[in-house]
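Colleague: Its first residue numbered 123, the sequence shown is counted upward by one per residue in our numbering. Here a beta-carbon is modelled for each residue, glycine too, at the ideal position from N, C-alpha and C. Quick caveat, the model's predicted, so the values are computed rather than measured.
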Amino acid sequence: MTVKTIRCCLCVDEATRKFFWEAMVAYTLLVNHLFTEIAKHPQFPDWQLKGVVPRQPIEELIKEFTTTNPNQLPSRFCTSAVLMTQYVYRSWFRLQKSRRLRLKGKQRWVETIEHDIELARTTNFSYEEVCSKAQEILDLAHRQGVNSRIQRTPRKPKSGNALLGFLLDRFDNTNHPLERRAIIYLLKNNLAISEQDKDPETLAQQLESKKIEIERLEKQLQSQLPKGRDPNGERYVASLLASITLPDPDEIAHADINLSPLKEQKQVELFNSLPYPIIFGSADDLIWSVESRNPASPQTESTTKQEPTRVKRRKKKKKKQIVADRLCVRFKGLKNSVFKIQCDRRQLPIFRQFLTDYQFHFQTPEKERFSQALFALKSAQLLWRPNTQNHRPKSNSAEPSQSLEEKPWQTHRLYIHCNIDTRLLTVEGTEEVKLQTKQETLKTLKGRESLSGEALEELELTANQRAHVKRLQSTIARLDNSTPSRPSVTPYQGNPLITVGISFNLQTPLTACVIDLQTGGTLDCQDAKQLLTVKNIRVKRGKRSILQLKLSNWRLINKLHFRRQQNLLGRPEKYKQGQYKESDSESSLGLYVERLLASRLVRLAIKWQANTIAVPDLKHIREILESDIQARAERKYPAQKKLQDNYARQTRTALHRWSYNRLVQCIRDRASREGILVITGQQPSQGKPHQKAKQVAISAHVT
Numbered sequence: 123m124t125v126k127t128i129r130c131c132l133c134v135d136e137a138t139r140k141f142f143w144e145a146m147v148a149y150t151l152l153v154n155h156l157f158t159e160i161a162k163h164p165q166f167p168d169w170q171l172k173g174v175v176p177r178q179p180i181e182e183l184i185k186e187f188t189t190t191n192p193n194q195l196p197s198r199f200c201t202s203a204v205l206m207t208q209y210v211y212r213s214w215f216r217l218q219k220s221r222r223l224r225l226k227g228k229q230r231w232v233e234t235i236e237h238d239i240e241l242a243r244t245t246n247f248s249y250e251e252v253c254s255k256a257q258e259i260l261d262l263a264h265r266q267g268v269n270s271r272i273q274r275t276p277r278k279p280k281s282g283n284a285l286l287g288f289l290l291d292r293f294d295n296t297n298h299p300l301e302r303r304a305i306i307y308l309l310k311n312n313l314a315i316s317e318q319d320k321d322p323e324t325l326a327q328q329l330e331s332k333k334i335e336i337e338r339l340e341k342q343l344q345s346q347l348p349k350g351r352d353p354n355g356e357r358y359v360a361s362l363l364a365s366i367t368l369p370d371p372d373e374i375a376h377a378d379i380n381l382s383p384l385k386e387q388k389q390v391e392l393f394n395s396l397p398y399p400i401i402f403g404s405a406d407d408l409i410w411s412v413e414s415r416n417p418a419s420p421q422t423e424s425t426t427k428q429e430p431t432r433v434k435r436r437k438k439k440k441k442k443q444i445v446a447d448r449l450c451v452r453f454k455g456l457k458n459s460v461f462k463i464q465c466d467r468r469q470l471p472i473f474r475q476f477l478t479d480y481q482f483h484f485q486t487p488e489k490e491r492f493s494q495a496l497f498a499l500k501s502a503q504l505l506w507r508p509n510t511q512n513h514r515p516k517s518n519s520a521e522p523s524q525s526l527e528e529k530p531w532q533t534h535r536l537y538i539h540c541n542i543d544t545r546l547l548t549v550e551g552t553e554e555v556k557l558q559t560k561q562e563t564l565k566t567l568k569g570r571e572s573l574s575g576e577a578l579e580e581l582e583l584t585a586n587q588r589a590h591v592k593r594l595q596s597t598i599a600r601l602d603n604s605t606p607s608r609p610s611v612t613p614y615q616g617n618p619l620i621t622v623g624i625s626f627n628l629q630t631p632l633t634a635c636v637i638d639l640q641t642g643g644t645l646d647c648q649d650a651k652q653l654l655t656v657k658n659i660r661v662k663r664g665k666r667s668i669l670q671l672k673l674s675n676w677r678l679i680n681k682l683h684f685r686r687q688q689n690l691l692g693r694p695e696k697y698k699q700g701q702y703k704e705s706d707s708e709s710s711l712g713l714y715v716e717r718l719l720a721s722r723l724v725r726l727a728i729k730w731q732a733n734t735i736a737v738p739d740l741k742h743i744r745e746i747l748e749s750d751i752q753a754r755a756e757r758k759y760p761a762q763k764k765l766q767d768n769y770a771r772q773t774r775t776a777l778h779r780w781s782y783n784r785l786v787q788c789i790r791d792r793a794s795r796e797g798i799l800v801i802t803g804q805q806p807s808q809g810k811p812h813q814k815a816k817q818v819a820i821s822a823h824v825t
């Protein structure tokens, strides 16, 4: 499902903002309490194995909390607390499970590679014998149906986890020296047959990098449970007092006390001070309406007509088009509060579609209503954000303490984040979702879609199961009902044999290659500079030459890199002098460049009629890069911690520090507008940028 999140500001009076701030602070304290109590529950280990916390124990904890707490929360807030707790712990369980699996896999890899030293001493096999045996193992993996994604040349992509697990299991189950040497050879060479063995120094650095990754994962597995937020500032004060508290003088008199920890500088733990957002899990939790604006009074119009015309002619300003109606939203359980939508004009058609869906659904008879699975809106969150446009008094104002007396609901504004399925914004996408939902529902019913009430009673089902079957039957019936009108868009039709592969590098943001999957050839290859170069400029403008105009977009990358280095090096000194001012200029410029790169990349895909865009898998890339930098530092300056830290710091500063995840998200957003599918492939650690891009494209399409 193509899910996209849009946000807008909500306009409401100050009294309502005060009520929601105070209620959401109490709601945040409830969520913090649930985080703590769930971790103490005796069934917590069982929930961790299942990966989810049931709803019933959370509701019981909420009842206990509300009976002892004087602040009465709306029922909608309690429902959101259940969803928030389940969401946070589900994410935490998944993260811990992923860390444990990664740790186990890396430990097995290191142990297997370390056996190579012992086997090399006791055996005397030639390089050709090891390669021949390695090829036999790869052929065996293919015959057994292992999803290997394997190729026989070093310029092909890495294999997936299936082949890696197959090799590690086979290494543990065999005692044949040649077979073990062949498996180690494949593990050292990215699960492929290489023309020459890996350099010992490169292998030693890779082994050291893996050991550092293992140490970091072990520390991360010992991380604490979800801590929650601090809307009242109580946790920050407690952490600050704990950091400045000195030991008892009587204890200092003892000679065995260790004073070295007291001399170390420790950063005070900072918590998020904003309340948790309120989660609305379905589209019918939001009630949409329209409020008409007040037209201009006749007296004002006549006064304007009687004004004398000026002799001096002024340049006419383009008048803003005033929307006749204003969208409003209310929330189920909080219907007395009406919020006015304040969104961008590009988002206005989407919010109008929410209104159309809601009115069309609830104004038709119940039996003729369409399924809520076809609502464009899927879920929403109500949250607070700082008001960056707040007009604060100047420094020479007569009341300089006015900003200190402002309440948090005055310095913050309410926003709503709406999660939508972009396919449901068009007629063609709606039909696709309708067909997909019907197939999934029929598969879940397992032939019980035509059973009536009496037939269901004869089945050995619980009351909840029978209710679930009836809901699914109602969903199938309502999928055939008419839906509100939506615009028709001709879908993009690409060539399934053409794809665009992307590789990310530390020196350049990206390199794109257009690949023909049938022949394996490269049709076109462009780096970031070629993508951003404007080719249709023929005349210079002012003092800027044609070359300068063509490379104006490319120079934004150098400008961004220079600005990031300046901020990184100058921020600590400005902090010490009290001259640092927070600015979003770096982030805004970076986002603009990333959107520009994504637009040019999609333009390249459309030019070659590419069906897909393959991006590298960025999972754990931060850990991999950090471990690689630390391994290089330790090999360059062994047993010299200070020099290692300086080398690592200089290396990080020299890099462009590109936000790869945000760049990939920009590519996905831009490609989804044109109907181009973005898939994920594996990027090798070695090779030239265009070779990596080609391998990413091929690995993403290998099944």
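At 3 residues or longer, and completely inside the region 655-728: list those beta strand (DSSP E) runs for me, N to C.
Modeller: The qualifying runs do not exist here; there are none.
Colleague: Could you pull out every residue in the same chain whose Cβ sits closer than 7 Å to the Cβ of Ala753, ignoring the five residues on either side in sequence?
Modeller: If we look at Ala753 and ignore the five residues flanking it on each side, its Cβ neighbours are Gln327, Glu330, Ser331, Ile334.
Colleague: For Arg230, which residues from the same chain have a beta carbon less than 6 Å from its beta carbon, with the 5 sequence-adjacent residues on both sides left out?
Modeller: Leu290.
Colleague: For the alpha helix (DSSP H) that contains Gln187, what are its first and last residues?
Modeller: It is worth fixing the name first, because residue 187 is Phe in this sequence and not Gln. Phe187 -> alpha helix (DSSP H) spans 177-190.
Colleague: For the 8 Å Cβ check, are there 3 or more pairs between the region 739-751 and the region 654-672?
Modeller: These segments do not touch.
Colleague: Terminal residues of the continuous alpha helix (DSSP H) containing Gln342?
Modeller: 322-343 is the span of the alpha helix (DSSP H), which, as asked, contains Gln342.
Colleague: Since Arg467 contacts Thr124 with CB under 8 Å, what's their CB separation in whole angstroms?
Modeller: The pair is not a contact, with the Cβ atoms about 22 Å apart (cut-off 8 Å).
Colleague: Leaving out five residues on either side along the sequence, give the residues of the same chain with a beta carbon under 7 Å from the beta carbon of Ala822.
Modeller: The answer, listed in chain order, is Ala736, Ile801, Thr802, Gly803.
Colleague: Going by other Cβ atoms of all chains shown within 10 Å of its Cβ, with 16 needed for buried, is Lys427 buried or exposed?
Modeller: Low local confidence applies: a pLDDT of 44 at Lys427 is under 50, so the model's placement there is unreliable, and no value is given.
Colleague: In whole angstroms, what separates the C-alpha of Leu223 from that of Trp780?
Modeller: Answer to the nearest angstrom: the Cα atoms are 28 Å apart.
Colleague: Would Gly623 and Ala815 qualify as a contact pair, given that the criterion is a beta-carbon distance under 7 Å?
Modeller: A contact, by the Cβ cut-off of 7 Å.
Colleague: Can you tell me the Cα-Cα spacing of Pro348 and Trp214, whole angstroms?
Modeller: Roughly 8 Å between the two C-alpha positions.
Colleague: Compute the distance between the beta-carbons of Asp543 and Lys500, then report whether it is under 7 Å.
Modeller: Taking 7 Å as the Cβ cut-off, Asp543 and Lys500 qualify as a contacting pair.
Colleague: Alpha carbon to alpha carbon, how far is Ala755 from Tyr769?
Modeller: The straight-line gap from Cα to Cα measures roughly 6 Å.
Colleague: Between Ser525 and Glu144, what straight-line distance do the alpha-carbon atoms span, to the nearest angstrom?
Modeller: Because Ser525 carries a pLDDT of 47, less than 50, the predicted location of this residue cannot be relied on, and the following value inherits that uncertainty. C-alpha separation (whole angstroms): 20 Å.
Colleague: So who's on the other strand from Cys635, going by DSSP bridges?
Modeller: Gly623, Cys647.
Colleague: Applying the criterion that 16 or more other CB atoms from any shown protein chain within 10 Å of the CB defines a buried residue, is Glu716 buried or exposed?
Modeller: Looking at its Cβ environment, which holds 16 or more other Cβ atoms inside 10 Å, Glu716 is buried.
Colleague: Short check: CB of Thr234 to CB of Pro299, under 7 Å?
Modeller: No, the pair does not count as a contact, with Cβ atoms beyond the cut-off.
Colleague: Starting from Gly803, follow the beta strand (DSSP E) in both directions and report where the run begins and ends.
Modeller: Segment 799-803, the beta strand (DSSP E) holding Gly803.
Colleague: In its own chain, which residues sit with a C-beta less than 7 Å from the C-beta of Gln731, not counting the 5 before and 5 after it?
Modeller: Answer for Gln731: Gly616, Asn617, Ile620, listed in chain order.
Colleague: Could you spell out where the beta strand (DSSP E) holding Trp506 opens and where it closes?
Modeller: First-last of the beta strand (DSSP E) with Trp506: 499-508.
Colleague: For the candidate residues Leu195, Glu550, Glu796, whose alpha-carbon lies nearest to that of Pro609?
Modeller: Nearest option by C-alpha distance: Glu550.
Colleague: What span of residues does the beta strand (DSSP E) with Ser459 cover, start to end?
Modeller: Where Ser459 is concerned, the enclosing beta strand (DSSP E) stretches over 456-464.
Colleague: Can you find the residues in the same chain that come closer than 8 Å, C-beta to C-beta, to Leu408, ignoring five residues on each side of it along the sequence?
Modeller: Correct list, in chain order: Phe402, Val451, Arg452, Phe453, Lys454, Phe476, Tyr480, Leu499, Ala502.
Colleague: Measuring only from the beta carbon, is Leu286 closer than 6 Å to any heavy atom that is part of the ligand PLP?
Modeller: Here there are no bound small molecules, and the ligand PLP is not part of this structure.
Colleague: What would DSSP say about Leu205, mapped onto helix, strand or coil?
Modeller: If DSSP states are grouped into helix, strand and coil, Leu205 belongs with the helices.
Colleague: If you count every other CB in all the chains shown that lies within 10 Å of the CB of Ala793, and 16 or more means buried, which is it?
Modeller: With 16 or more other Cβ atoms within 10 Å, it is buried.
Colleague: Would you tell me roughly how many angstroms separate the C-alpha atoms of Lys228 and Glu413, rounded to the nearest one?
Modeller: Between Lys228 and Glu413, the C-alpha separation is close to 60 Å.
Colleague: Note down, in chain order, each residue of its chain lying with its Cβ closer than 7 Å to the Cβ of Gln342, except the 5 sequence neighbours on either side.
Modeller: The residues are Arg221.
Colleague: Just the C-alpha distance for Pro196 and Leu456, rounded to the nearest angstrom, thanks.
Modeller: Taking the straight line joining both Cα atoms gives about 8 Å.
Colleague: Rounded to whole angstroms, what is the Cα-Cα separation between Arg177 and Asp406?
Modeller: Their backbone Cα atoms lie some 21 Å apart in a straight line.
Colleague: Can you name, in chain order, every residue of its own chain whose Cβ lies under 7 Å from the Cβ of Arg216, other than the five neighbours on each side?
Modeller: Same-chain partners within the cutoff: Gly173.
Colleague: Taking just the CA atoms, how far does Arg129 sit from Arg790?
Modeller: Spanning the two alpha carbons is a distance of roughly 18 Å.
Colleague: Between which two residues does the alpha helix (DSSP H) carrying Leu536 extend?
Modeller: Note, Leu536: premise wrong, no alpha helix (DSSP H); beta strand (DSSP E) at 534-543.
Colleague: With a threshold of 6 Å on Cβ separation, who are the neighbours of Cys133 within its own chain once the five nearest residues in sequence on each side are excluded?
Modeller: Taken in chain order, the residues that qualify are Lys462, Gln464.
Colleague: Ordered along the chain, which non-local residues of its own chain (more than five positions away) have a Cβ less than 6 Å from that of Thr275?
Modeller: Because Thr275 carries a pLDDT of 37, less than 50, the predicted location of this residue cannot be relied on, and the following value inherits that uncertainty. Nothing meets the Cβ criterion.
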